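Residue numbers for the sequence shown follow the numbering used here, so the first one is 1061 and each next one is one higher.
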Amino acid sequence: KKSELRKTLNDSLLNINMIETSSFFDIQKTETSRISQVDFTKLDFGRVFSDHMFLMEFEDGAWQRGKIEPYGPFTMSPASMVFHYGQAIFEGMKAYKTGNGEVSLFRPGMNIARFNKSAHRMCMPEVPEDLFMEALAKLVDLDKDWVPSDAESSLYIRPFMIATDSYVGVRASEKYAFSIFMCPVGAYYKGNVRVKVERKYTRATPGGTGYAKAAGNYAGSLYPSKLAREEGYDQLLWTDAIHHEYIEESGTMNAMFVIDGVLVSPATSDTILEGVTRDSVIQLAQDLQIPVEIRRLSITELRSGLESGKVKEAFGVGTAATITPISEIGIDGINYPVAHADSANSIANTLLQELDGIRRGKREDHHGWNIPI
Ligand code: COI
């Protein structure tokens, strides 16, 4: 009888605070949604944030109980280790409307696995997969009205982890914050991009952190990218650190080429981020009987292929970028146009239609990639 009373009391307290619970976290809903202030027909990338976020802290060697709460700032000590030694990782994933108002996540398991691979490399604690998945599902479900339905739009999800110990000595932090927030987004690149082959600066070195989605990889890329933008390019095509001759990836995307009818993509290594979109596109190409080669690709081969017309297509693939055609490639000061960048029956466009069709529930999801919420 006593415990029943306590239960009733607890339930009514929970109602007052608008708190629901899950096995790993509490949920505090916003009292005033901001959704009516958003023009869903004019979405930029990454400037508008949905109503709720997830937050969970790691201390004393364990993840503490988390919370879904209204999106907003959090307070941190200036001595938080992330500000000094850059222990920070993130992920990018998307939720789509798949018809009848249903919402699906696209291959979230791949992002969770990559997040934990990044965590391991950056000496950070892993987030248990079931907890990560439950937080994602509940957050997306709470803010499902924020998932846009227009073509090219989706709900971009940004999980991240930072070191929060207040300590100025150099070592791995003992405290961390893991958070997830979300943005309704339009296209990352508005149309084709022009890329410059980078022969001087390096994104990643063997034995380094290039395969991890570590914030510092992006920080290091900003200066060379700025120089390329000053020369009129949108992005870089990174080459390997040792010879500056083998193609790696293109900033926010993995790189793909169509050479003599074959889809060629650089083999991943510890210097290249293994993209979820890259993996999906390779799989779809194989399903469509398009010949695929995953191998080293040199600038010498690329240049002669562009000169002879054997390289018909070049494109970047990524979560934010989806499939973005490359219309021009700058190699050592000479710009080479890419023949089929604007062709409606290009391989890039065929793959985009297929991938987008699956994500939006218009084509059959043979591989079970959509995870309905
Ligand atoms: C993504 O495609 O999700 C990325 O993380 C790339 C970029 C926006 C940083």
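For glycine and all other residues, C-beta sits at the position ideal for the given N, C-alpha and C. Keep in mind that this is a model prediction, so the values were computed, not measured.
| said: Counting C-beta neighbours from all protein chains within 10 Å, is the total for T1135 16 or more, i.e. buried, or is it exposed? | reply: exposed
Review point. Per the contact definition of three or more C-beta pairs closer than 8 Å, is the segment 1136–1152 in contact with the segment 1103–1115?
Key: no
When you compare each of D1120, E1373, S1281 and A1247 to V1322 by their alpha carbons, which one comes out closest? E1373
Note to self: Between G1378 and the ligand COI, is there a pair consisting of the residue's CB and a ligand heavy atom that are separated by less than 6 Å?
What the structure shows: yes
Next on the checklist: For S1329 and K1204, what's the separation of their Cα atoms in angstroms?
Outcome noted: 36 Å
Can you tell me whether T1312 sits near the ligand GDP, meaning its C-beta is under 6 Å from at least one heavy atom of the ligand?
Although the ligand GDP was asked about, the structure shown includes only the ligand COI as ligands.
Q.
Taking only three categories from DSSP, how would you classify G1365?
A. helix
Using only alpha-carbon positions, find the residue among G1311, R1125 and V1336 that is nearest to P1188.
-> R1125
### Task
Measuring alpha carbon to alpha carbon, tell me which of Y1278, H1180, S1140 and N1252 ends up nearest T1382.
N1252
Please classify L1215: does DSSP put it in a helix, a strand, or coil?
strand
Compute the Euclidean distance between the alpha carbons of S1239 and G1393, then round it to the nearest angstrom. 43 Å
Per DSSP, what kind of secondary structure is Q1343 in: helix, strand or coil?
helix
With DSSP collapsed to three states, give me the class of H1426.
-> coil
**Report entry** Helix, strand or coil at D1086 [DSSP, three-state]
**Finding:** strand
Notebook entry, point to check: How about the segment 1313–1321 and the segment 1281–1289: do they share at least three Cβ pairs that are nearer than 8 Å?
Noted result: no
Original post:
Do G1152 and the ligand COI come close, with the Cβ less than 6 Å from some heavy atom?
Top reply: yes
Practice task
Would you check if the distance between the CB atom of V1255 and the CB atom of I1386 is smaller than 7 Å?
Solution key: yes
Could you check the C-alpha separation between G1246 and V1318 for me, to the nearest Å? 27 Å
ask   = Below 7 Å between beta carbons: does that hold for A1380 and Y1248?
value = yes
Residue ranges of each alpha helix (DSSP H) within the segment 1273–1298, 4 or longer:
1275–1290
query: Helix or strand or just coil, what does DSSP make of R1167?
result: coil
For this session: May I ask you to report which of helix, strand or coil DSSP gives R1254?
Result: strand
**Asked** I1354: buried (16+ other C-beta within 10 angstroms of its C-beta) or exposed?
**Response** exposed
- Can you name the start and end residues of the beta strand (DSSP E) that E1119 belongs to? H1112 to E1119
Practice problem: Please state whether DSSP places F1143 in a helix, a strand or coil. | Solution: helix
>> Let's see if you can read the secondary structure: which residues bound the alpha helix (DSSP H) around R1419?
In response: I1407 to R1419
query: How close, in whole Å, do the beta carbons of F1175 and P1219 come, if the pair is a contact with beta carbons under 8 Å?
result: 6 Å
- What separation, rounded to the nearest whole angstrom, lies between the Cα atoms of D1111 and L1362? 46 Å
Fill in: Best match in Y1236, I1332, E1212 and I1418 for proximity to A1122 [C-alpha to C-alpha]
Y1236
Check: Apart from the five residues just before and just after G1267, which ones in its own chain have a Cβ nearer than 6 Å to its Cβ?
Finding: none
Out of D1402, V1163 and R1259, state which residue places its alpha-carbon closest to the alpha-carbon of T1299. R1259
message = For R1263 and E1334, which I take to be in contact (beta-carbon distance under 8 Å), what is that distance rounded to the nearest angstrom?
response = Actually they are not in contact, since the Cβ atoms of R1263 and E1334 sit about 15 Å apart, beyond 8 Å.
| query | Using CA coordinates, which residue listed in G1390, G1152, E1194 and T1337 is at the minimum distance from M1116? | reply | E1194
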